[in-house]
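Heads up: the structure comes next, in structure tokens.
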Amino acid sequence: MPTSDVPTSKLDRIGPTKRPEGRCRGYQKWRSLLFLHWAIPVERLRPLVPAALELDLYEGTAYIGVVPFAMQGVRPRWCPERFAFNFLETNVRTYVSHQGRPGVYFFSLDAASRIAVWAARQFWSLPYFYASMILEHRGDEVIYETCRPSGVLHKVRYRLGEFLGPSQPDSLEFFFLERYLLFTEHRNKLYEGQVYHTPYPAQAAEVLE
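Taken in order, the sequence shown gives residues 20 to 228; the numbers are from the numbering used here.
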């Protein structure tokens, strides 16, 4: 394990789950999330992540994730709810930590809203890209499709399974799902954001395509 990467047991995984002090900057609801993950060799992942961040490993293994979902009611704190945005999004991520606090580092975030892409790039320095997206429910099956203007396409079809109980802090499910901090680097400066939500009511899923 590289010396710059912190063992999972050394990180504070509970502190970031608590409601932050002060007023929030905005509201949004996340619906129909799918968490897809693949193990990736640390030596391949490390050069892709800013040096200021440590890789967050689960039992010595690094992961990269693709997470498509629906964003609903997206608005700044000062904006009336009736003007909120709804759109689909897919992000490509890995898991990192900074000063002992675990979070997410995004390689890309695709959104089916040009305004959302502009705002996220302008005010948060996040790597957002515009893409057309489809979310379709067929009984217990769900289809997500993301297509960038360049023609790059990602499609997944999956079947929902049993409901899972609350994930335990030392479990792989908790490692993937319960992330409340995000980190991004812009002009060699590291920025941090925090979200707050109740724990995800997760279901198992079987990928069909």
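We treat Cβ as the ideally placed atom computed from N, Cα and C, and that holds for glycine. Every value quoted in this text rests on a predicted model; they were computed, and no experiment measured them.
### Message
What I want to know is whether the C-beta of S186 ends up closer than 7 Å to one or more non-hydrogen atoms of the ligand COA.
### Response
The ligand COA is not part of this structure, which contains no ligands at all.
### Message
Using only CA atoms, which one of E164, E160, V111 lies nearest to F54?
### Response
Of the candidates E164, E160, V111, V111 places its Cα closest to the Cα of F54.
### Query
When DSSP builds the beta bridges, which residues end up paired with G84?
In the DSSP output, where bridge partners are listed per residue, G84 has H56, R112.
### Query
Per DSSP, which one or two residues make a beta bridge with L179?
DSSP output for L179 lists A224 as bridge partner(s).
#### Entry: Collapsed DSSP secondary structure at E192 in the structure displayed
DSSP places E192 in helix when its eight states are reduced to three.
### Task
Have a look at R63 and P99 and give me their C-alpha separation to the nearest angstrom.
Their backbone Cα atoms lie some 45 Å apart in a straight line.
### Terminal residues of the alpha helix (DSSP H) in which I134 lies
Start and end: 133 to 143.
### Query
Hey, how far is the Cα of Y82 from the Cα of W97?
Taken atom to atom, the span from the alpha-carbon of Y82 to that of W97 is near 37 Å.
#### Entry: Beta-carbon contacts of L74 that lie in its chain and below 7 Å, excluding the five residues immediately before and after
Answer for L74: D24, V61, L64, R65, V68, A81, V115, listed in chain order.
### Message
To the nearest angstrom, how far is the alpha carbon of F102 from that of P95?
### Response
Taking the straight line from one Cα to the other gives about 10 Å.
### Task
With DSSP as the reference, please indicate the residues paired to P168 in a beta bridge.
Answer by DSSP bridge pairing: none, since P168 is not bridged.
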